[in-house]
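Position one of the sequence shown corresponds to residue 72 (this note's numbering), numbered consecutively onward.
Take a look at the structure set out below.
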Amino acid sequence: METPGSQSSLHRANLERVVRAVRMAGSLTQAEIARSTGLSAATVSNIVRELKDGGTVDVTPTSSGGRRARSVSLSGDAGIVVGVDFGHTHLRVAIGNLAHRVLAEEAEPLDVDASAAQGLDRAEHLVNTLIAKAGISRDKIVGVGLGVPGPIDVESGVLGSTAILPGWAGTNPRDDLSARLGVPVYVDNDANLGALGELVWGAGRGATDLAYIKVASGVGAGLVIKGQIYRGPGGTAGEIGHITLDESGPVCRCGNRGCLETFTAARYVLPLLHSAHGTDLTVARMVQLAKDGDPGCRRVIVDVGRHIGSGVANLCNLLNPSRVVLGGDLADSGELVLAPIRESVSRYAIPSAARQLEVVPGALGSRAEVLGALALVLSEMGDSTLLDEAPPARTALIV
72 METPGSQSSL HRANLERVVR AVRMAGSLTQ AEIARSTGLS AATVSNIVRE LKDGGTVDVT
132 PTSSGGRRAR SVSLSGDAGI VVGVDFGHTH LRVAIGNLAH RVLAEEAEPL DVDASAAQGL
192 DRAEHLVNTL IAKAGISRDK IVGVGLGVPG PIDVESGVLG STAILPGWAG TNPRDDLSAR
252 LGVPVYVDND ANLGALGELV WGAGRGATDL AYIKVASGVG AGLVIKGQIY RGPGGTAGEI
312 GHITLDESGP VCRCGNRGCL ETFTAARYVL PLLHSAHGTD LTVARMVQLA KDGDPGCRRV
372 IVDVGRHIGS GVANLCNLLN PSRVVLGGDL ADSGELVLAP IRESVSRYAI PSAARQLEVV
432 PGALGSRAEV LGALALVLSE MGDSTLLDEA PPARTALIV
């Protein structure tokens with residue numbers, strides 16, 4: 072039996088620290104592990120050797136700063152994670168291993184307004200299809216990350232009242248999907264998962280404090296503080312779309328007037344262009360038309376950027392993030408939307424906070440949320456299983 076403070080318990084704690092650091096980063100050199108864990112280089116070297124001999128990690132030659140180094144990642148056979156992202160009009164599923172390698176991914180159009188049951192039916196089918204296609208044993212799955220476009224109680228898993236998904240309000244998609252797949256499911260809203268995705272794989276890498284802004288059917292922000300998603304006690308932190316810009320403005324779905332969402336979300340801004348471009352106009356199409364020089368689309372995007380910048384300025388004054396990542400289709404318009412965001416931040420934020428802020432487009436596009444769902448499982452799963460269970464014989468997994 073291990074006694075707290077004993078050599079065996081200290082060794083166990085050090086093993087977990089190394090595994091956790093590698094699990095969250097995907098791969099690290101031994102020098103990077105030492106810096107992130109605070110362990111000595113000699114201790115890290117011994118632990119990595121032990122984990123490699125036990126089949127928990129793979130070690131490959133690499134270079135760092137022009138010098139030879141060894142890259143450490145979790146074994147590709149250590150486990151499989153699944154990401155499921157429900158957008159307002161799509162379903163996307165990805166399967167990856169613990170070394171941050173995406174093994175299979177697929178998306179399909181889906182009207183999630185229909186019902187939660189129908190949406191989860193499609194998710195179950197798509198997950199099973201990808202698992203079979205990748206030749207993966209179901210007992211290798213350690214967890215599923217689930218993203219939904221609405222306020223969710225991450226403790227209970229219950230989706231709150233929402234005008235975006237009226238047929239889902241009061242349901243528990245986490246427990247429902249877990250019962251269908253027979254594995255643990257972790258759930259969060261799409262903005263938080265977008266923040267996680269960009270933090271781990273995209274434009275947020277290297278930042279410890281950032282905000283991911285997603286503008287789609289609604290407007291939300293995923294907040295990262297000291298490297299961790301901040302949700303607030305009720306899970307509603309980041310509802311930047313309901314900052315009031317004009318108390319005499321349009322009525323918002325939340326019941327208030329003049330919310331940021333009423334000046335920026337697709338359901339409000341696309342109708343401004345219907346007379347010129349038809350009622351089937353999408354944000355992606357609007358962005359492409361703007362790139363091609365359409366003056367109306369360019370004006371709408373600039374105005375949207377200016378309003379988003381007002382909301383970002385409030386975030387700067389309250390939380391002082393070092394980076395803001397703009398996600399969704401709107402980010403593809405580049406400086407056309409980013410420049411007015413920066414201008415509004417410069418005008419309305421505290422000067423010191425505005426000077427420190429970097430505003431960048433997301434690097435992952437429409438994949439940010441599903442990759443964030445994978446990252447959610449990687450962040451929530453424990454290390455005990457990886458250390459206590461010897462891995463089975465290794466087999467090659469081909470993308």
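We put the beta carbon where it would ideally sit given N, CA and C, even for glycine.
In angstroms, rounded to a whole number, what distance separates the CA positions of residue i and residue j?
i	j	result
Gly-277	Glu-269	10 Å
Arg-465	Asp-129	Residue placement at Arg-465 is flagged as unreliable, the pLDDT there being 35, under the threshold of 50; the coordinate-derived value follows with that caveat. Roughly 12 Å between the two C-alpha positions.
Glu-226	Arg-245	10 Å
Ser-186	Ala-250	18 Å
Leu-112	Ile-104	Sequence inspection shows Ala at residue 112; the Leu mentioned does not correspond to that position. Cα to Cα, the separation comes out at about 9 Å.
Val-271	Thr-279	11 Å
Met-452	Val-213	8 Å
Ser-393	Gly-126	38 Å
Ile-469	Glu-177	Note that Ile-469 scores a pLDDT of 27, beneath 50, so its modelled location is shaky; the value from the coordinates is reported in the next line. Computed Cα separation, rounded: 16 Å.
Gly-376	Val-290	13 Å
Ala-203	Val-229	30 Å
His-159	Val-219	9 Å
Ala-461	Leu-217	Legend: pLDDT at Ala-461 = 42, less than 50; position of this residue unreliable, no value from coordinates given.
Leu-248	Pro-222	18 Å
Pro-342	Ser-319	20 Å
Val-173	Ala-205	11 Å
Val-358	Ser-135	39 Å
Leu-181	Asn-243	19 Å
Ile-151	Leu-191	20 Å
Glu-121	Asn-199	35 Å
Asp-363	Asn-385	33 Å
Gly-349	Gln-189	30 Å
From this set, the options, which residue's C-alpha is nearest residue i's C-alpha?
i	options	result
Lys-211	Thr-350, Gly-398, Asn-385, Val-153	Val-153
Leu-389	Ala-424, Gly-320, Ala-203, Val-396	Ala-424
Arg-302	Val-340, Val-258, Arg-324, Arg-338	Val-258
Val-408	Thr-335, Ala-446, Tyr-419	Thr-335
Arg-163	Pro-366, Leu-201, Ser-135, Gln-101	Leu-201
Arg-193	His-161, His-171, Val-215	His-161
Leu-281	Leu-294, His-196, Ala-287	Leu-294
Does the beta-carbon of residue i have 16 or more other beta-carbons within 10 angstroms, so that it is buried, or is it exposed?
i	result
Ala-355	exposed
His-378	buried
Glu-332	buried
Asp-261	buried
Ala-149	buried
Ile-284	buried
Ser-80	exposed
Ala-175	buried
Gln-299	exposed
His-345	exposed
Ala-287	buried
Thr-108	buried
Please work out which residues of its chain come closer than 7 Å, Cβ to Cβ, to residue i, disregarding the five sequence neighbours upstream and downstream, and give them in chain order.
i	result
Gly-315	In the sequence on display, residue 315 carries Thr and not Gly. Taken in chain order, the residues that qualify are Asn-327, Gly-329, Cys-330.
Ala-439	Gly-265, Gly-268, Glu-269, Gly-273, Gly-398, Gly-433
Gln-78	none
Cys-387	Val-416, Ala-420, Ile-421, Ala-424, Ala-425, Leu-428
Can you list, in chain order, the residues of its chain with a C-beta nearer than 8 Å to that of residue i? Leave out the 5 residues immediately preceding and following it.
i	result
Val-93	Leu-99, Ile-104, Val-128, Val-143, Ser-144, Leu-145
Val-119	Val-89, Gln-101, Ile-104, Val-128, Val-130, Arg-141, Val-143
Leu-110	Asn-85, Arg-88, Val-89, Ile-104, Ile-118
Val-431	Ala-274, Arg-394, Val-395, Val-396, Leu-397, Leu-409
For residue i, which residues from the same chain have a beta carbon less than 6 Å from its beta carbon, with the 5 sequence-adjacent residues on both sides left out?
i	result
Thr-485	Given that the chain is displayed from residue 72 to residue 470, the structure contains no residue 485 and the question cannot be resolved.
Leu-360	Cys-368
Cys-325	His-313
Pro-321	Thr-333
Gly-231	Pro-222
Arg-370	none
Looking at chain C, is there any beta carbon in it that lies within less than 7 Å of the beta carbon of residue i?
i	result
Leu-197	Going by chain labels, chain C is absent from the structure shown, which holds only one protein chain.
Original post:
Within the chosen definition, does the stretch 301-311 reach the stretch 398-413 through at least 3 CB pairs nearer than 8 Å?
Top reply: no
Original post:
How about the stretch 397-411 and the stretch 352-366: do they share at least three Cβ pairs that are nearer than 8 Å?
Top reply: yes
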